[in-house]
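Asks: Sending over a structure as structure tokens; questions will come in a sec.
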Amino acid sequence: MFAELAGAGGHGDSDDEGPEQPLTLSPSEQKYASLEAMSADIKKLDEVFEVLASVPWLDEDVLAEKELKGVAQVGLLGTLEEVGFNIRPQLLRIWSGERGAEMAAGPGLEFRDQAALLAILYHTQQIEDKHGSPPGGYLPKPQ
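For the sequence shown, the UniProt record's numbering begins at 1 and goes up steadily by one.
Spelled out as structure tokens, the structure:
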């Protein structure tokens with residue numbers, strides 16, 4: 001699909017430097033050659049993103065919530081990183097109270113990272129609207 005789009009624009013301005021090289025996707029991009037494929041994967045992870053968004057609101061004095069907080073901060077985030085997500089720096093900033101769509105933009109972020117961060121920001125906003133600021137405060141700002 002992308003190779004066809006790349007070839008469609010070069011009809012009249014060829015430099016005659018030889019045959020055009022087809023546009024290729026990297027292995028990590030090939031999985032998401034379509035927006036629909038990426039959207040489907042992001043939707044499957046929506047509950048994970050909701051749990052990650054809830055971390056500042058989880059109560060350290062309630063054992064089940066303390067355990068869930070640890071699982072989210074170490075297990076869920078670590079697993080996402082193992083499968084190629086690169087959201088830790090932005091997520092730590094979200095947990096410390098930073099907001100805004102610009103959190104999902106920047107160098108080094110792929111489309112799925114951006115989609116994941118937007119989902120986490122959405123769930124964070126929903127939690128803030130319903131419960132206000134975290135009772136124990138936001139997590140410390142990353143150093």
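All residues carry an ideal CB built from backbone N, CA and C; glycine is no exception.
What's the C-alpha gap between His123 and Ser54?
Replies: Rounded to whole angstroms, His123 to Ser54 spans 8 Å at the Cα level.
Asks: Quick one: any contact between the region 111 to 126 and the region 40 to 54, if contact means 3 or more CB pairs under 8 Å?
Replies: Segments in contact, yes.
Asks: So Arg112 and Pro142 are in contact, right, with Cβ under 8 Å, and what is the actual spacing, rounded?
Replies: With a Cβ gap of about 22 Å, Arg112 and Pro142 do not count as contacting.
Asks: Tell me the DSSP secondary structure of Glu47 in three-state form.
Replies: Looking at Glu47 - three-state DSSP - the assignment turns out to be helix.
Asks: Assign Leu58 to buried or exposed, taking buried as 16 or more other Cβ atoms, counted over all protein chains shown, within 10 Å of its Cβ.
Replies: By the 10 Å Cβ count, Leu58 comes out buried.
Asks: In chain order, what residues of the same chain have a beta carbon less than 7 Å from the beta carbon of Pro134, not counting five sequence neighbours either side?
Replies: Correct list, in chain order: Pro56 and Trp57.
Asks: Report the three-state DSSP secondary structure of Asp59 (helix, strand or coil).
Replies: Asp59 falls in the coil class under three-state DSSP.
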